[in-house]
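Here the structure is laid out as structure tokens; the discussion comes afterwards.
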Amino acid sequence: MEPKKTPKADLESKKRIFLQIGIAIALGAALVAFEWKHYERPQVDLGTLEIDFIEEEDIPITRQEQPPPPPPPEPSQELIIVDDDVELEEEFTIDIDADVFTEVQEFTPIVIEEEEEFEEDVIFTVVEDQPQFPGGEEARQKFLEENLRYPQMAREAGIQGTVFVTFVVETDGSVTDVRILRGIGGGCDEEAVRVVRMMPRWEPGRQRGQPVRVQFNMPIRFRLN
Numbered sequence: 056m057e058p059k060k061t062p063k064a065d066l067e068s069k070k071r072i073f074l075q076i077g078i079a080i081a082l083g084a085a086l087v088a089f090e091w092k093h094y095e096r097p098q099v100d101l102g103t104l105e106i107d108f109i110e111e112e113d114i115p116i117t118r119q120e121q122p123p124p125p126p127p128p129e130p131s132q133e134l135i136i137v138d139d140d141v142e143l144e145e146e147f148t149i150d151i152d153a154d155v156f157t158e159v160q161e162f163t164p165i166v167i168e169e170e171e172e173f174e175e176d177v178i179f180t181v182v183e184d185q186p187q188f189p190g191g192e193e194a195r196q197k198f199l200e201e202n203l204r205y206p207q208m209a210r211e212a213g214i215q216g217t218v219f220v221t222f223v224v225e226t227d228g229s230v231t232d233v234r235i236l237r238g239i240g241g242g243c244d245e246e247a248v249r250v251v252r253m254m255p256r257w258e259p260g261r262q263r264g265q266p267v268r269v270q271f272n273m274p275i276r277f278r279l280n
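The sequence shown stops at residue 280 when you use this note's numbering, and every number in between is there.
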């Protein structure tokens with residue numbers, strides 16, 4: 056029977072060579088191991104931290120004690136002897152006429168109320184007694200109906216409404232400072248001012264019985280028939 060391996064693949068002839076190589080490697084490793092040097096690392100001591108505990112000293116609290124105040128001086132026990140001939144400076148008077156029925160009248164001051172005077176320039180809006188048209192409210196309405204004239208411009212434009220007039224009733228009853236608060240135009244404002252200025256003297260307003268200047272507001276109505 057013929058062998059299957061080729062002569063080149065046969066390892067039996069090379070077995071001796073591999074054995075010698077392995078022995079040489081083992082001897083070399085053993086030699087290196089014997090020649091290896093080992094150095095010990097020095098240990099570095101970092102030291103230890105030492106803390107000293109200092110005990111706190113208790114400092115006693117000292118108070119400044121003030122000495123007590125000196126006692127008050129004791130009254131003198133010495134007796135002073137006065138001669139009978141010494142005259143006393145104090146004199147006493149005794150009212151022999153006073154008895155239990157004597158009445159003592161207390162002084163009561165008399166208070167005189169001064170009348171308050173009002174300045175003439177002050178204009179009041181609210182007073183105790185309001186100014187009045189001479190003859191009353193009916194007389195005022197009659198005066199307006201007789202003297203008020205409807206302006207032609209307002210009549211043609213169909214303007215109607217209420218005109219608010221303000222004026223001052225003086226202390227003598229005369230009417231001054233006539234102005235329009237709210238008008239409707241068309242000549243009605245001017246006609247209202249004209250009629251108010253024609254008014255006779257009013258009865259002036261009074262405050263605490265004294266005549267004063269009073270601001271008075273009055274509506275005047277214009278209405279077409």
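For each residue, glycine too, the CB sits at the ideal point set by N, CA and C.
Go ahead and label Asp154 buried or exposed: buried means 16 or more other beta carbons lie within 10 angstroms of its beta carbon, across all protein chains shown.
-> In this predicted model, Asp154 has a pLDDT of only 45, less than 50, meaning its place in the structure is not dependable; the value taken from the coordinates is given anyway. Label assigned to Asp154: exposed.
In the structure shown, what three-state DSSP assignment does Ile235 receive?
-> strand
Determine the direct distance from the alpha carbon of Val267 to that of Val182, and round the result to whole angstroms.
-> 9 Å
Boundaries of the alpha helix (DSSP H) in which Ile78 is found, first to last residue = 70–90
Hey, is the segment 212–230 in contact with the segment 252–266, meaning 3+ C-beta pairs nearer than 8 Å?
-> yes
Contact test: Arg204 Cβ vs the ligand HEM heavy atom, cutoff 6 Å = The ligand HEM is absent from the structure shown, which contains no ligands of any kind.
Which of helix, strand or coil DSSP assigns to Thr221 = strand
Between Arg276 and the rest of its own chain, which residues show a CB-CB distance below 7 Å, the 5 nearest in sequence each way excluded?
-> Thr217
Taking the alpha carbon of Gly241 as the point to measure from, which residue in Asp232, Tyr205, Phe219 has its own alpha carbon closest?
-> Tyr205
Where Glu253 falls: helix, strand or coil (DSSP) = Sequence check: residue 253 is Met here, not Glu. Coil at Met253, not helix or strand.
Could you pull out every residue in the same chain whose Cβ sits closer than 7 Å to the Cβ of Cys243, ignoring the five residues on either side in sequence?
-> Pro206, Ala209, Ile214, Val218, Phe277
Kindly list the residues whose CB is nearer than 6 Å to the CB of Leu203, restricted to its own chain and excluding five residues on each side of it in sequence; keep chain order.
-> Val250
Quick one: what does DSSP say Asn202 is sitting in, helix, strand or coil?
-> helix
Buried or exposed: where does Val87 fall if 16 or more other Cβ atoms within 10 Å of its Cβ makes it buried?
-> exposed
Rounded to a whole number of angstroms, what is the C-alpha to C-alpha distance between Leu82 and Arg71?
-> 17 Å
Straight-line CA distance for Phe89 to Ala79?
-> 16 Å
Thinking Pro186 and Val248 are a contact (beta carbons under 8 Å), I'd like their distance in whole angstroms, please.
-> Not quite, the Cβ-Cβ distance comes to about 18 Å (not below 8 Å), so this is no contact.
Can you tell which of Gln265, Pro274, Met253 has the C-alpha that lies nearest to the C-alpha of Ile235?
-> Pro274
Should Glu246 be labelled buried (16 or more other beta-carbon atoms within 10 Å of its own) or exposed?
-> buried
Just the C-alpha distance for Leu279 and Gly190, rounded to the nearest angstrom, thanks.
-> 27 Å
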